[in-house]
Each structure stands twice: as structure tokens, then as C-alpha cells.
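Single-structure report; data block below.
This is the structure in C-alpha cells:
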């Protein structure tokens, strides 16, 4: 209720017209929400550094955290677009599973690196296409359409594998996960994540496509009257989410060396949570890629700190829940002061 | 619009839980006499049937199991089918696997109505299927309960299943013996899904075994989810958290594929790894002996073949060959043998994909 519905809030022409000292204006422009997320992340880094200085503040650990954030991070970028448009995609985890399983079936592995990469992307886009058609042209509620996709994609993934783990035998693929593939100390997975993030940010904030996405999420009817083809826009958004899932599936294949029908388990909830914590409105009309990525990094860092301190999963669950609540509360506080 | 609630019930509602249950068993503890010596075990793929091999009276065995959504359950089905084919006097009526309780009850009731001579049931959920087990027994059809145990012994004539506590125990003893004489030895544990009883049993057995070795200390334990993805993620963190350790016990060979990948990516060695379950990939890695994986503790899918043997013996009113009793036993707990380089060839045929 605190947000304006329509134009992108990140754009500088919408700064509140209250006279502020110059330094505060800069801060407001940088977006207080983002700053509060950065604060949470910094606090976590301090906690990690205090509790496990040797293990946490280690280059390898930084590489590890970023690598583990990459797969879910790419999914979250796609999810941010969908949620910004007022939709939801519950099928992301299942699409990642299906894409990873299909891309690693024995027949595909004969076609080598490109075969795996393209199969993963095509399966992701294909599932996104079905989602998009059902929602945009079939008039189905996104929640239901993607729930159906969740069930059937998981089922198909199970059928393709018979529950077996498809181990990757194509060398070029696995090499990308090895240490000697790092570019200036950055793992290739992280580079892909970074590229997807930058493209996602540019598209959402600097293109007509991005503005249309926000407009559709803010008020679909108004967007339609303004001449936006709302249906086609929605179709593209689910395609985009599917494509991100395909890329994520490929990253997961590199990371785990296999495809399994259990891959991407509960990614939908992780991605939605990261986007919401980042400041994207679940009701649509406002989305921030930076916030989503920070949300993913916060979760991955929490998991990392817990594991380094050997906390058990029950403690991890409780603390994770508490941190979600805290992050959203802090965000509400900062939002109301702007 | 309905709003999903992120991160609630993160573990309670997962598919992975079913998966985990499928991977191993929700079986109860029937630990009697688990020897610490693992080397001189009988082969798991013993081709000698439990009852005598001479063709006898025709027996129709009904088999109902859960959906084969995991390598281990596929192996269960294969074992049951191929063993039934060995007998000219056995007809196997096999239902399509299902994880849906109502559907599985329906399938078993159909088998009861068909008046099969003996039932072999691997329930998706032992507790939920107890009633239909009772129903079969009351109808005069003896039930061989496979792995996931019914709530009451009245619901089955014989139970055959695996030993989760024994897996932990034998893994602990194997590691303890290997690290004997090494002062301040450090061990870590990559457990399975933590909200499953069987995971707690495996950990308990492991901890109990390690108590025999004062020089060995368990320094870390993280729970994964029986999946490759979770195995990779949790192991990567464990490796970062523990710059030095001497042994690792991983509860499940499927998540072990991910764990081994994390170990490879971190470029770590200098420790010994013991797996669990008995997957073919694990056996092959043990045989090649060029990595950290040196052994795996069995949870043998061959129990399905044994269940067919016992069902046939039940149908023909026989005892078990080699035992003095006239009847088959009331329960049989399989031994969680340790498979390492010395005996891997023997077990290779039982490895599941």
C-alpha cells in the first residue's frame, strides 16, 4: 500500500519532491531498500567473519557462496520479471528438473556439450511457452497454470529417468566446474549469473519491455488501454522465466555432474522469497533485480555460515525463518521513511 | 491471489521426503546380532534360494510396491521379478507401483479378491497400510512385509528388511579400524534427510560405533536430502568448514554422486570416504580405487528376491533350507555389509543404477 503502482520506481525522475540535503538525495536515489539489504548482508558477513574467521573470510569460500547462489540466482532473475508483472511461476523447480534430466539423457550426451546446453534451454523455453500460452491466451490464473506445470514436468522428469541419476559423461561440460576454468578467480557459473543479472537489470530498467512489464503488473487494464499487448507481454514473460530455468539447469548440470528428477527441489519458494525480500511486490507493479540478487546472496550466505558453524538443519530452518521476517520488517521500516 | 508462503514447511512437505523414504526404509529397528566383521559375508546376490529348489505345489504370489522413483526401488522390482522367474512353480501377480496410499490399498484388495496364495507388500507407508495387511491375514493369505514395517505383527507373517542402525554401526567400525593408531583422528558425517527416523538410526549406530575408538572424534555433521544436488551443496560447505579431517561417512550413494563432485571441485583428498546403500556407481568407484571413496555400507535390494523365496516357502508350507525350524522365521533383518575393494567383485551384480 506504500508503493505507487505504475512507473518504474528506480528511475530517477520519480524522487520525492521533499527538499533534502544533497547527501540524502543521493542516498534516496540509491534506494533505501537496497541499502537495507546491503546492511543485512554486511551484518551476516560480519557474523561469519567473527564466528569462523579462517574459513569464512577465505577466497575459496567467497567462490563457493557465489557459485551456490548462481543456479537459484538465475531462476530468481526470471521470477522477478514474472512477479513484477503480477504473475507467479510455481513451476521453476520442476522445469529445472525436467531440463536437467532431458539434457543429460544418454542420447543427448552423444551430441556433446552443445547438445546438453541447447536441450536444457529448449526444454526450459518449451515449458515456459506452455505456461505462457495457458496464462495469456488460455485465460488461466498463473498460480494454477504453473502448478499444473510443476506436477507434469516433475512427472515427466521421473518418467524419463525411472528415478535414476543421469551421470554426465561429456568432459567439456564438467570442466566448467573445475578450478582451472576460473577466469581471474571467478568460476564460470558466477560469470553466467553476473551476465544474466546485468541483462535482467538492463531489460527491466532501461527498455520498453521492462516498462511494459511494470505497467502490466501495476494495472493490466490501464496497460491495455495504453496500447500494450498485455497477452503477448505475459507470454514473453513466462518464456523468459522458462529460459532462465533452462540456463539454471545447465549450470546445475555443471555443478552436480548429473541430472536427477529431484533437481531444483523447492526452487519456486526460494526464488519467490528472494524476490519478495528484495522488494519486488507480490501483487505486481514493482520489481528490482538488484534486490532479488541481494536476497539470493543473503540466503546463500546464511546457509554457508550455518554449515561452517556446524549447525543442524532444524536450527537452520528456525533461523532462516526469523531472518526472513527480520529482513522484511527492516525493509518496511526503511520504506516508510522515504 | 493466493500467496504462497515461502520457507514454511521447508522439509515436511517435500517430495524429497518420499524420495528419501524410498531410498532406504522406514523400517523399525530389529537389531539383534550385528557382527563387526564385515569381510566374510555371504554374497548378497546369493543364487541359492532360501527354501529348497525342487519344484513343488503351484504358488501364486501377489506383489505390491511403491512407485519406483529411485534406483533402489527399481532394483527391488527387478529382484522380485527375476527371482520369481527362476521358479517354474511360481506365478507372480505384480501391481503397478504407487505412492498413493488409497491406490495401493485398492491394489492389495484386488490381489486378495483374486485369492493369491501369498502376498509380498512393500508399502509406500507401512503405518497407513497396516489395515489392509490385517485384512489379507484374516482372509487367510499370509503376508510377507518387505522393508517398511506394518504397525502390528498381526498384519504380517514374516518381515524382511534392512538395518539402518547396522549401517551406521558398520560404517563407524570400518572407519574406526582404518584410523586405528592415528591420534586425534577427525571424522565428518553427511547424513540423509533429517526428519526421517531411518536417518536418526543411521547416525545413532555410527556414533555408538565410534565410542569404541577414543582416538576418533566426529567433528561435524550436516544433513542433505538424498539427492545429488543437496549432496553437492552440503558437501561443498562441509569441505570449506573442515580444512582437515580423516574420514567421511555419507549415508546415501545417490547424494554421494553430488558429494564426490564437490570433493573433486574442491580438489580435496587425504581422507577416506564410506558411502551407503550399494549403488553401481559407488561399487565401480571403489573397484577403480582412484578416489576417496573406499567403501560403502549395504542396504541390499536383494531383500525383494528373498521375500519371493519366503513367500514361495510359505505357499508350499516349507521351512528355510539350512535351518532346523519347520516354518520360515517371523522376521529377518538383512546385514549391512561393508563393501570395499577386497569384496566389491562379489557384490557388483547387486549394484543398482
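Chains as they are written, first to last, in the UniProt record's numbering: chain H, 1 to 338; chain X, 1 to 353. Idealized CB from N, CA, C, for every residue including glycine. Being a predicted model, the structure only gives us computed values, none of them experimental.
Are the Cβ atoms of residue 155 of chain H and residue 284 of chain H separated by less than 8 Å? Cβ distance not < 8 Å, so residue 155 of chain H and residue 284 of chain H don't count as in contact.
Can you grab the Cα-Cα spacing for the pair residue 108 of chain X / residue 132 of chain X, in whole Å? If you take the alpha carbons of residue 108 of chain X and residue 132 of chain X, they lie about 7 Å apart.
From residue 144 of chain H to residue 74 of chain H, what distance separates their C-alpha atoms? Looking at the two C-alpha atoms, the distance is approximately 23 Å.
Contact defined as beta carbons within less than 8 Å: I believe residue 287 of chain H pairs with residue 214 of chain H. What is the distance between those atoms, to the nearest angstrom? Between residue 287 of chain H and residue 214 of chain H the beta-carbon gap is near 7 Å, inside 8 Å, which marks them as a contact.
Three-state class that DSSP yields for residue 184 of chain H in the structure shown: Correct three-state label for residue 184 of chain H: coil.
Cβ-based neighbour list, residue 286 of chain X, same chain, cut-off 8 Å, excluding 5 preceding and 5 following: For residue 286 of chain X, where only same-chain residues beyond five positions count, the Cβ hits under 8 Å are 293, 294, 295, 296, 339, 340, 341 and 344.
Our contact map puts residue 93 of chain H next to residue 243 of chain H with C-beta atoms below 8 Å; I'd like the distance itself, whole angstroms only. So it is not a contact: roughly 16 Å between Cβ atoms.
Residue 184 of chain H to residue 63 of chain H, Cα distance in whole Å? Using only the alpha carbons, I get a separation of about 11 Å.
Would you say residue 203 of chain X and residue 220 of chain X are within 8 Å of each other, going by their C-beta atoms? No, these two residues do not count as a Cβ contact at 8 Å.
Residue closest to residue 45 of chain H, alpha-carbon to alpha-carbon, out of H:31, H:32 and H:61: Measuring C-alpha to C-alpha distances from residue 45 of chain H to each of H:31, H:32 and H:61 identifies H:61 as the nearest.
Distance, Cα to Cα, residue 145 of chain X vs residue 306 of chain X? When rounded, the distance between both Cα atoms is 11 Å.
Residue range of the beta strand (DSSP E) that includes residue 222 of chain X: First-last of the beta strand (DSSP E) with residue 222 of chain X: 216-223.
Consult DSSP for residue 39 of chain H and reduce its assignment to one of helix, strand or coil. Shown here, residue 39 of chain H sits in a helix according to DSSP, grouped into three states.
Residues in the stretch 252-266 of chain X having any Cβ partner in chain H nearer than 9 Å: Going along the stretch 252-266 of chain X in chain order, one finds 254, 257, 258, 260, 261, 262, 264, 265 and 266 with a Cβ nearer than 9 Å to chain H.
Buried versus exposed, by CB contacts within 10 Å (16 or more), residue 243 of chain X: Residue 243 of chain X is exposed by the Cβ-count criterion.
Helix, strand or coil: how does DSSP classify residue 166 of chain H here? Note: residue 166 of chain H maps to strand in three-state DSSP.
Nearest-angstrom Cα distance between residue 61 of chain X and residue 269 of chain X? Near 49 Å, if we compare the C-alpha coordinates of residue 269 of chain X and residue 61 of chain X.
What residue does the alpha helix (DSSP H) around residue 86 of chain X start on, and which one ends it? Segment 71-86, the alpha helix (DSSP H) holding residue 86 of chain X.
Leaving out five residues before and five after residue 165 of chain H in sequence, what residues of the same chain have Cβ atoms less than 7 Å from its Cβ? So the qualifying residues of the chain are 258 and 260.
Hey, is residue 68 of chain X's beta-carbon within less than 8 Å of any beta-carbon in chain H? Taking 8 Å as the threshold, the shortest C-beta distance from residue 68 of chain X to chain H falls below it.
Min CB distance residue 232 of chain X to chain H below 8 Å: Chain H contact via Cβ: present.
Proximity test, residue 52 of chain H beta-carbon vs the ligand SAH heavy atom, cut-off 7 Å: The ligand content of the structure shown is nil, which means the ligand SAH is not present either.
Could you give the uninterrupted runs of the alpha helix (DSSP H) lying entirely in the stretch 143-178 of chain X, keeping only those of 4 residues or more? 164-178, all fully within the stretch 143-178 of chain X.
Taking C-beta pairs closer than 8 Å, name the residues in chain X that residue 110 of chain H reaches, listed in chain order. Here the premise fails: no neighbours, minimum Cβ distance about 18 Å.
Check the Cβ of residue 228 of chain X against every Cβ in chain H and list those closer than 7 Å, keeping chain order. Those within 7 Å of residue 228 of chain X in chain H are 165, 256, 258 and 260.
Assuming residue 253 of chain X and residue 281 of chain X form a contact by the criterion Cβ under 8 Å, report the distance between their Cβ atoms to the nearest whole angstrom. Contact holds; Cβ gap of about 7 Å.
With DSSP run on the structure shown, which of helix, strand or coil describes residue 217 of chain H? In this structure, residue 217 of chain H counts as helix in the three-state DSSP scheme.
Check for me: the alpha helix (DSSP H) holding residue 278 of chain H runs from which residue to which? 267-278 is the span of the alpha helix (DSSP H), which, as asked, contains residue 278 of chain H.
Range covered by the beta strand (DSSP E) that runs through residue 63 of chain X: Counting along the chain, the beta strand (DSSP E) containing residue 63 of chain X begins and ends at 59-64.
CA-CA distance, residue 196 of chain H and residue 77 of chain H? The C-alpha of residue 196 of chain H lies about 8 Å from the C-alpha of residue 77 of chain H.
Can you give, in chain order, each stretch of the beta strand (DSSP E) that sits fully within the stretch 320-347 of chain X and has at least 3 residues? Segments of the beta strand (DSSP E) lying fully in the stretch 320-347 of chain X: 331-333 and 338-340.
Using a Cβ-Cβ cut-off of less than 7 Å, list which residues of the stretch 214-226 of chain H approach chain X; keep chain order. The stretch 214-226 of chain H vs chain X, Cβ under 7 Å: nothing.
What span of residues does the beta strand (DSSP E) with residue 276 of chain X cover, start to end? Run containing residue 276 of chain X: 272-277, per the beta strand (DSSP E) assignment.
Distance check for residue 136 of chain H and residue 224 of chain H, CA to CA, integer angstroms please. In a straight line, the C-alpha of residue 224 of chain H is about 13 Å away from that of residue 136 of chain H.
Chain-ordered neighbours of residue 71 of chain X on chain H, where CB pairs are closer than 9 Å: Within 9 Å Cβ-Cβ: 162, 163, 164 and 165.
Under 8 Å, Cβ to Cβ, is there at least one residue of chain X near residue 286 of chain H? Chain X, which has no Cβ nearer than 8 Å to the Cβ of residue 286 of chain H, makes this no.
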